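Colleague: Take a look at the following structure, please.
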Amino acid sequence: MIHEGPVAVSAILQQLRTLVREVKSRAYVPYSGRPAAVVLLLSDGAWIPGVRVESASFSLTIPPLQNAWTTAVALGRRDIVAAAFSEPVDVSSRAFLEELGILPEVECADLLTASPEALPGLREPLTPFWNGQLTLQQGIPVARQVARRAWAPHSDFPVGCLLQLKDGRCIPGVNVEHPDWTRTLCAERNALGTALSYGITPAAWQALFLSCLKDTQGTPCGACRQLLAEHRPDLPVWMDRGLENPPQILRVDAMLPGFFVLQ
Ligand code: THU
Numbered sequence: 043m044i045h046e047g048p049v050a051v052s053a054i055l056q057q058l059r060t061l062v063r064e065v066k067s068r069a070y071v072p073y074s075g076r077p078a079a080v081v082l083l084l085s086d087g088a089w090i091p092g093v094r095v096e097s098a099s100f101s102l103t104i105p106p107l108q109n110a111w112t113t114a115v116a117l118g119r120r121d122i123v124a125a126a127f128s129e130p131v132d133v134s135s136r137a138f139l140e141e142l143g144i145l146p147e148v149e150c151a152d153l154l155t156a157s158p159e160a161l162p163g164l165r166e167p168l169t170p171f172w173n174g175q176l177t178l179q180q181g182i183p184v185a186r187q188v189a190r191r192a193w194a195p196h197s198d199f200p201v202g203c204l205l206q207l208k209d210g211r212c213i214p215g216v217n218v219e220h221p222d223w224t225r226t227l228c229a230e231r232n233a234l235g236t237a238l239s240y241g242i243t244p245a246a247w248q249a250l251f252l253s254c255l256k257d258t259q260g261t262p263c264g265a266c267r268q269l270l271a272e273h274r275p276d277l278p279v280w281m282d283r284g285l286e287n288p289p290q291i292l293r294v295d296a297m298l299p300g301f302f303v304l305q
């Protein structure tokens, strides 16, 4: 449904509730069985989904708000005007946004917004894809471009990646740091969380391209290896070795032999 001008918050909230219910079914929650989701509304009415992605190693679980926010940054959008939650807004989600300073006080049980009067009419979901389809040769050079979207004020270590799908389309991921470092997400898990939030299942993934220009020996951290292994242990990862050298390619399960599974 497309509206031209601003719409009353109550009307948009009803629509957001319907959306967030649909998105919630994409959550990856094999351990708790308790799905959760967030929809971030952008200033032009486009929106970004984020789902809870659990890990067998519980503390690596990606909360829905962090998932959606990191997607927004990787897609070059930070103009968030509202966040709608499938569950009552929890203290940790509130703190997450407050520390970023992106949404002030107005809220009801399942909505945070800076605009008490009106919100933009809902449009389509923001497309999660990088422009155009990529060949294998383009993967690393484009991952270098993606890294420019990283938000890394604490480390000054920008990382970019592209999760290529079997149909050639690519989902970008960047590292997104947070004043509370424990809420920082790496580029690789950012792309993984985006794919799942948009309902793009691991069977559709083809390869991951990874680049950090500051580190020509760069490899995924242990947490990213674990999450990737839980979804696609056989996924090839192409790692940038700088302008002089060809990329190194390793399967995820070769990077984390004996990775943890919870039976
Ligand atoms: N980082 C990644 O994005 N991917 C990795 O595999 C390793 C680390 C980010 C996280 C943080 O923003 C910065 O690099 C320093 O750890």
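In this note's numbering, the protein residues as written are 43 to 305. The beta carbon of each residue, even a glycine, is placed where N, CA and C say it ideally should be. Here the structure is a predicted model, which means the values were calculated and not measured.
Which residues mark the beginning and the end of the alpha helix (DSSP H) in which G235 is found?
Modeller: Taking the sequence shown and counting its residues from 1, the one referred to as residue 235 is at position 193. It spans 229-239 - the alpha helix (DSSP H) in which G235 sits, taken as one unbroken run.
Colleague: Who sits around ligand 1, taking every residue whose Cβ is closer than 6 Å to one of its heavy atoms?
Modeller: Listed by chain position, these are A194, S197, F199, V201, N217, E219, T226, C228, A229, E230, P262, C263, C266.
Colleague: Only counting the same chain, and skipping five residues up and downstream in sequence, which positions put a Cβ closer than 7 Å to that of R119?
Modeller: The count along the sequence shown starts at 1 and reaches residue 119 at position 77. So the list reads L84, L168, once near-sequence residues are dropped.
Colleague: Where does L164 sit, in a helix, a strand or coil, going by DSSP?
Modeller: Taking the first residue of the sequence shown as position 1, residue 164 is located at position 122. Three-state result, L164: coil.
Colleague: Output yes or no for whether 7 Å exceeds the beta carbon distance between L204 and F251.
Modeller: Along the sequence shown, one-based indexing puts residue 204 at 162. Along the sequence shown, one-based indexing puts residue 251 at 209. Yes. Within cutoff.
Colleague: Residues in its own chain within less than 6 Å of W223 by CB, not counting five upstream and five downstream?
Modeller: As a working note, residue 223 is residue 181 in the sequence shown. Closer than 6 Å at the Cβ level, and outside the excluded window around W223, lies no residue.
Colleague: Taking a contact to mean a Cβ-Cβ separation below 7 Å, would you say L55 touches V81 in this structure?
Modeller: Numbered from 1 along the sequence shown, position 13 holds the residue referred to as residue 55. Numbered from 1 along the sequence shown, position 39 holds the residue referred to as residue 81. No, the pair does not count as a contact, with Cβ atoms beyond the cut-off.
Colleague: In the structure shown, what three-state DSSP assignment does K96 receive?
Modeller: Against the sequence shown, residue 96 aligns to sequence position 54. Note on identity: in this sequence residue 96 is Glu, with Lys being the wrong assignment. The answer is coil: DSSP assigns E96 none of H, G, I, E or B.
Colleague: Output needed for C367: all residues of its chain with C-beta closer than 6 Å, excluding positions within five of it in sequence on either side, in chain order.
Modeller: Residue 367 is absent from the structure shown; the chain starts at 43 and stops at 305.
Colleague: May I have a chain-ordered list of the beta strand (DSSP E) segments no shorter than 3 residues that lie completely inside the stretch 88-132?
Modeller: As far as the stretch 88-132 is concerned, its whole beta strand (DSSP E) runs of at least 3 residues are 89-93, 122-127.
Colleague: Answer yes or no: do G87 and L164 have a C-beta to C-beta separation smaller than 7 Å?
Modeller: For the purposes of this step, residue 87 is identified with residue 45 of the sequence shown, where counting begins at 1. For the purposes of this step, residue 164 is identified with residue 122 of the sequence shown, where counting begins at 1. Closer than 7 Å, so yes.
Colleague: With distance defined between alpha-carbon atoms, name the residue in A246, Q180, Q248, P262 nearest to V216.
Modeller: Residue mapping note: residue 216 aligns to position 174 of the sequence shown, counting from 1. The option with the nearest alpha carbon to V216 is P262.
Colleague: Secondary structure at R76, three-state DSSP: helix, strand or coil?
Modeller: For the purposes of this step, residue 76 is taken as the residue at position 34 of the sequence shown. In the structure shown, R76 sits in coil (DSSP, three-state: anything other than H, G, I, E or B).
Colleague: So, are the CB atoms of G210 and Q175 less than 7 Å apart?
Modeller: As a first step, residue 210 must be located in the sequence shown, where it is residue number 168. As a first step, residue 175 must be located in the sequence shown, where it is residue number 133. Cβ atoms of G210 and Q175: closer than 7 Å.
Colleague: Could you pull the start and end residues of the alpha helix (DSSP H) that L270 belongs to?
Modeller: As a position in the sequence shown, residue 270 is number 228, starting the count at 1. First-last of the alpha helix (DSSP H) with L270: 264-273.
Colleague: Checking 7 Å against the spacing of the C-beta atoms, do A271 and L238 come in under that value?
Modeller: If you number the sequence shown from 1, residue 271 lands on position 229. If you number the sequence shown from 1, residue 238 lands on position 196. No.
Colleague: Short check: CB of I90 to CB of A69, under 7 Å?
Modeller: Position 48 of the sequence shown holds residue 90. Position 27 of the sequence shown holds residue 69. Taking 7 Å as the Cβ cut-off, I90 and A69 do not qualify as a contacting pair.
Colleague: Run the CB neighbour count on Q108, radius 10 Å, all protein chains shown included, and call it buried at 16 or more, exposed below.
Modeller: Within the sequence shown, numbered from 1, the residue matching residue 108 stands at position 66. Its Cβ being crowded by 16 or more others within 10 Å, Q108 is buried.
Colleague: With distances taken between CB atoms, is the gap from A194 to E219 smaller than 7 Å?
Modeller: The sequence position of residue 194 within the sequence shown is 152, counting from 1. The sequence position of residue 219 within the sequence shown is 177, counting from 1. In contact: A194 and E219 (Cβ atoms closer than 7 Å).
Colleague: Tell me the DSSP secondary structure of L55 in three-state form.
Modeller: Residue numbering aside, residue 55 sits at position 13 when the sequence shown is read from its first letter. Helix at L55.
Colleague: In chain order, what residues of the same chain have a beta carbon less than 7 Å from the beta carbon of P221, not counting five sequence neighbours either side?
Modeller: For this step, residue 221 is matched to residue 179 along the sequence shown. Once the five neighbours on either side are set aside, the close Cβ partners of P221 are E141.
Colleague: Let me know if L285 comes out buried or exposed under the rule of 16 or more other beta-carbons within 10 Å of its beta-carbon.
Modeller: If you number the sequence shown from 1, residue 285 lands on position 243. Looking at its Cβ environment, which holds fewer than 16 other Cβ atoms inside 10 Å, L285 is exposed.
Colleague: From R225 to T113, what does the alpha carbon distance come to, in whole angstroms?
Modeller: Numbered from 1 along the sequence shown, position 183 holds the residue referred to as residue 225. Numbered from 1 along the sequence shown, position 71 holds the residue referred to as residue 113. Distance between the alpha carbons of R225 and T113: 14 Å.
Colleague: For G260, does the three-state DSSP call read helix, strand or coil?
Modeller: As a first step, residue 260 must be located in the sequence shown, where it is residue number 218. Correct three-state label for G260: coil.
Colleague: Taking only three categories from DSSP, how would you classify Q305?
Modeller: Counting from one through the sequence shown, the residue named residue 305 turns up at place 263. Coil.
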